[in-house]
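Visitor: The sequence shown maps to residues 5 to 289 in this note's numbering. All residues carry an ideal CB built from backbone N, CA and C; glycine is no exception.
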Amino acid sequence: MRRVLPFLLLLLSTLSCNEDPSFFTNTSEASTSSFTEGLADADVPITQRELTPPVNPSSQDVVSSTAETSLKKIIKNGSLVIDVDSLYRAKATLDKIIKQFEGYYDRESFQDEDYSLRYNLAIRVPVNSFDPLVSALENGFNRITDKEVSAVDVTSQYKDIESRLSSKKTALEQYRNILKKAQTIKEVLEVQDYIRKLEEEIESTTVRLKQLQDQTSYSTLNVTLIQKIPVEYTQEEKSFWTDASHAFTSGWNGLEAFLILLIRVWPFLIITAVLIWGIRRLRGS
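#1: Grab the span of the alpha helix (DSSP H) containing N143 for me, first residue to last.
#2: Write down the C-beta distance between P294 and E106 rounded to the nearest angstrom, noting that I regard them as a contact closer than 8 Å.
#3: Can you give the beta carbon distance from V227 to I79, rounded, assuming they're within the 8 Å contact cut?
#4: For T228, report the span of its beta strand (DSSP E) as first-last.
#5: Could you give the first and the last residue of the continuous beta strand (DSSP E) run that contains V129?
#6: Between which two residues does the alpha helix (DSSP H) carrying D99 extend?
#7: Could you give the DSSP three-state label for A186: helix, strand or coil?
#8: Tell me where the beta strand (DSSP E) around V158 begins and ends.
#9: Should G288 go down as buried or exposed, given a rule of 16 or more other Cβ atoms within 10 Å for buried?
#10: What number of angstroms, rounded off, separates the C-alpha of T174 from the C-alpha of R122?
#11: Taking a contact to mean a Cβ-Cβ separation below 7 Å, would you say V195 touches L176 in this structure?
#12: Looking at the unbroken alpha helix (DSSP H) that takes in R284, where does it start and where does it end?
#13: Buried or exposed for A94, please, with buried defined as at least 16 other CB atoms from any protein chain shown within 10 angstroms of its CB.
#14: Out of F145, V138 and A261, which has the shortest C-alpha to C-alpha gap to T230?
#15: Just how far apart, CA to CA, sit N124 and D118?
#16: Strictly by DSSP, which residues pair up with K151?
#17: Can you tell which of A155, S139, K77 and R147 has its C-alpha closest to the C-alpha of D89?
#18: Give a yes or no on whether 7 Å exceeds the smallest Cβ distance from Q115 to chain B.
#19: Are the beta-carbon atoms belonging to G82 and V153 less than 7 Å from one another?
#20: Going by other Cβ atoms of all chains shown within 10 Å of its Cβ, with 16 needed for buried, is F134 buried or exposed?
#21: Report the three-state DSSP secondary structure of E204 (helix, strand or coil).
#22: For E117, report the span of its beta strand (DSSP E) as first-last.
#23: Within 10 angstroms of its Cβ, does S223 collect 16 or more other Cβ (buried), or is it exposed?
#24: Mind checking I267: buried by the 16 CB within 10 Å criterion, or exposed?
#25: Classify T220 as buried or exposed, calling it buried when 16 or more other Cβ atoms lie within 10 Å of its own Cβ.
#26: Determine the contact status of V85 and D150, defining contact as a CB-CB distance below 7 Å.
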């Protein structure tokens with residue numbers, strides 16, 4: 005009995021502690037603190053609260069370390085103008101070369117001019133194959149009349165857009181969590197407005213990032229193939245009959261011009277004739 009008594013006293017004291025109202029109050033506060041986290045006092049406008057979630061320094065370190073190890077982003081473009089003897093044979097040769105470098109025609113047009121035949125071709129090729137393709141074309145075609153190549157390093161721009169896109173997505177997720185905890189209609193509307201603006205910014209930033217990815221993954225080479233058509237001049241042999249024929253034609257053309265002139269000025273001729281007749285009649289009287 006003496007051994008059991010201390011155990012009973014200890015159990016009663018424990019139960020009395022659990023019945024303390026402060027125990028239940030602390031438990032209730034702990035359960036509601038997670039729901040109200042991220043929102044300030046209801047009396048303070050939501051625009052004055054710090055809704056933007058804090059940035060985790062460790063995540064920035066991960067992004068920076070990943071960016072340092074990524075490859076450079078370079079946009080390479082160029083143009084070549086090539087004179088060829090046969091336009092169609094040159095086009096067939098160009099088709100084979102492009103196929104070797106896994107390229108394709110993004111745009112092509114043909115022009116049949118008075119003194120030349122012309123192919124305008126826009127070639128898309130993987131960026132790593134751009135320089136080898138240009139070298140292959142220079143070796144395959146001897147008469148290159150114009151060449152232009154440009155390379156633009158957009159690595160920092162690409163990393164900046166990529167980082168901003170990641171930050172916007174993280175902020176969007178945080179705002180969606182805050183929206184679940186909003187308590188008034190005003191708070192809901194304000195947070196939804198933030199979310200809408202973020203979604204629009206994310207969409208435009210994603211489009212820009214995809215454009216840079218496409219430009220840095222594939223290069224564009226504009227190639228113009230030109231076949232010049234020789235012009236033959238034939239000198240006509242002169243003879244009496246040739247000169248007479250030209251003279252007759254010239255005289256006939258002159259007569260036609262004179263008759264046309266008379267037709268144009270006939271009203272003035274009639275007026276002049278009437279005036280002369282009137283003057284002579286007055287003098288005679």
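Guide: In brief:
#1: Walking along the sequence shown from the start, residue 143 turns up at place 139. It spans F134 to G144 - the alpha helix (DSSP H) in which N143 sits, taken as one unbroken run.
#2: The shown model of the chain, from 5 to 289, leaves out residue 294, and the question about it has no answer.
#3: Residue mapping note: residue 227 aligns to position 223 of the sequence shown, counting from 1. Residue mapping note: residue 79 aligns to position 75 of the sequence shown, counting from 1. About 18 Å; that fails the 8 Å criterion.
#4: Against the sequence shown, residue 228 aligns to sequence position 224. Residues Y222 to K232.
#5: The sequence position of residue 129 within the sequence shown is 125, counting from 1. Segment S120 to P130, the beta strand (DSSP E) holding V129.
#6: If you number the sequence shown from 1, residue 99 lands on position 95. Where D99 is concerned, the enclosing alpha helix (DSSP H) stretches over L91 to Q104.
#7: Here residue 186 refers to the residue found at position 182 when the sequence shown is read from its first residue. Reduced to three states, the DSSP call for A186 is coil.
#8: Start at 1 with the first residue of the sequence shown, and residue 158 comes out as number 154. From DSSP, V158 is part of no beta strand (DSSP E); its letter is neither H nor E.
#9: The residue you call residue 288 lines up with position 284 of the sequence shown. Classification of G288: exposed, given that the 10 Å Cβ count is below 16.
#10: Looking up residue 174 in the sequence shown gives position 170. Looking up residue 122 in the sequence shown gives position 118. The alpha-carbon atoms of T174 and R122 are separated by roughly 53 Å.
#11: Translated into the one-based positions of the sequence shown, residue 195 becomes position 191. Translated into the one-based positions of the sequence shown, residue 176 becomes position 172. No. Outside cutoff.
#12: The count along the sequence shown starts at 1 and reaches residue 284 at position 280. R284 -> alpha helix (DSSP H) spans F244 to G288.
#13: Along the sequence shown, read from residue 1 onward, the residue named residue 94 stands at position 90. With at least 16 other beta carbons inside 10 angstroms of its own, A94 counts as buried.
#14: Looking up residue 230 in the sequence shown gives position 226. It should be noted that the sequence gives Ile, not Thr, for residue 230. Ranking F145, V138 and A261 by Cα distance to I230 puts F145 first.
#15: Looking up residue 124 in the sequence shown gives position 120. Looking up residue 118 in the sequence shown gives position 114. Their backbone Cα atoms lie some 17 Å apart in a straight line.
#16: Sequence index remark: in the sequence shown, residue 151 carries index 147 (1-based). Its beta-bridge partners are L84.
#17: As a position in the sequence shown, residue 89 is number 85, starting the count at 1. Of A155, S139, K77 and R147, the residue nearest in Cα terms is R147.
#18: Absent here is chain B; the protein component of the structure consists of one chain.
#19: On the sequence shown, residue 82 is found 78 positions in, with the first residue counted as 1. On the sequence shown, residue 153 is found 149 positions in, with the first residue counted as 1. G82 places its beta carbon less than 7 Å from that of V153.
#20: Counted from its first residue, the sequence shown places residue 134 at position 130. Buried, since its Cβ has 16 or more Cβ neighbours within 10 Å.
#21: Counted from its first residue, the sequence shown places residue 204 at position 200. Correct three-state label for E204: helix.
#22: Start at 1 with the first residue of the sequence shown, and residue 117 comes out as number 113. E117 -> no beta strand (DSSP E), and no H or E assigned at all.
#23: Residue numbering aside, residue 223 sits at position 219 when the sequence shown is read from its first letter. It is buried - the Cβ of S223 has at least 16 other Cβ atoms within 10 Å.
#24: Numbered from 1 along the sequence shown, position 263 holds the residue referred to as residue 267. Burial call: exposed.
#25: As a position in the sequence shown, residue 220 is number 216, starting the count at 1. T220 comes out buried.
#26: By 1-based counting over the sequence shown, the position of residue 85 is 81. By 1-based counting over the sequence shown, the position of residue 150 is 146. A contact, by the Cβ cut-off of 7 Å.
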